[in-house]
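Numbering (our numbering), first residue to last: 1087 to 1227. Virtual Cβ for every residue (Gly too), placed ideally from N, Cα, C. In this text the structure is predicted, and so the values were computed from the model without any measurement. Here the structure comes first, spelled out in structure tokens, and everything after it is commentary.
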Amino acid sequence: MIRYVEDELNIDDYFELRKDVGFHELSRKQGELALKNALKIVAACDDDRVVGMGRLVGDGAVICYIQDIMIRDEYQGLGIGRYIMDRLVEYTKEITLPGTKMMLGLMSKKGSEDFYEKCGFIKRPNEQFGNGFIMHIDKDR
């Protein structure tokens, strides 16, 4: 039976999940800071094994982003990703200041666009919004 926990993910489970789903490797310090600085973490567990997760990052006032939506392959299609997304969206609504609007964004991997549209996100570019862009900063170690 899947159970959900919030803000309790340890770094070893985070790294194991990242590796299992094919995300790039992080340094230990990067992982620690990523978890520590997240506004909200929602993880799905099957017994003691973390099988999925998502993080909310941002300033908590004007803009937030959903990051690290990861579901192990054998747990895909069970509603875990949808639960995590719904909870992160719900939390964003909870922290949005009264009388204001917050933008919630995300970057999807290729092939996941339909899932995010079903969760209520708008694909870019469109008539109102241009393309999104990223830049990787590679600092010598």
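Residue i and residue j closer than 7 Å at C-beta
{"i": "Leu1095", "j": "Ala1130", "result": "no"}
{"i": "Val1091", "j": "Met1156", "result": "no"}
{"i": "Ile1097", "j": "Gly1117", "result": "yes"}
{"i": "Cys1150", "j": "Thr1178", "result": "yes"}
{"i": "Leu1103", "j": "Val1136", "result": "yes"}
{"i": "Leu1125", "j": "Gly1146", "result": "yes"}
Integer-rounded CB distance, given that residue j should sit under 8 Å from residue i
{"i": "Ile1170", "j": "Gly1140", "result": "4 Å"}
{"i": "Met1188", "j": "Val1148", "result": "6 Å"}
{"i": "Leu1142", "j": "Leu1112", "result": "Rounded, the Cβ-Cβ distance is 18 Å, inconsistent with contact."}
{"i": "Tyr1161", "j": "Gly1191", "result": "With a Cβ gap of about 25 Å, Tyr1161 and Gly1191 do not count as contacting."}
{"i": "Gly1167", "j": "Phe1201", "result": "7 Å"}
Residues of its chain near residue i, where Cβ-Cβ distance is below 7 Å and the 5 sequence neighbours each way are ignored
{"i": "Asn1217", "result": "Arg1210 and Pro1211"}
{"i": "Glu1203", "result": "Lys1209"}
{"i": "Leu1121", "result": "Leu1095, Ile1097, Tyr1100 and Ile1127"}
{"i": "Lys1154", "result": "Reading the sequence as shown, one finds Asp at residue 1154 and not Lys. Hits under 7 Å: Met1139, Gly1140 and Arg1141."}
Secondary structure of residue i, DSSP reduced to three states
{"i": "Gly1165", "result": "coil"}
{"i": "Asp1132", "result": "strand"}
{"i": "Glu1213", "result": "coil"}
{"i": "Arg1141", "result": "strand"}
{"i": "Ile1097", "result": "helix"}
{"i": "Met1087", "result": "coil"}
{"i": "Met1156", "result": "strand"}
{"i": "Glu1102", "result": "helix"}
{"i": "Ile1220", "result": "coil"}
{"i": "Ile1243", "result": "Lying before the first or after the last residue shown, residue 1243 is absent from the chain, which here runs from 1087 to 1227."}
{"i": "Glu1111", "result": "coil"}
{"i": "Lys1126", "result": "strand"}
Same chain only: Cβ atoms within 8 Å of residue i, ignoring 5 sequence neighbours per side
{"i": "Asn1123", "result": "Val1143"}
{"i": "Arg1158", "result": "Leu1103, Asp1106, Val1107, Val1137 and Gly1138"}
Short CB-CB distance (under 7 Å) between residue i and chain D
{"i": "Asp1224", "result": "Note that chain D does not occur in the displayed structure, where there is just one protein chain."}
Start-end ranges of the alpha helix (DSSP H) lying completely within the region 1177-1206, minimum 4 residues:
1199-1204
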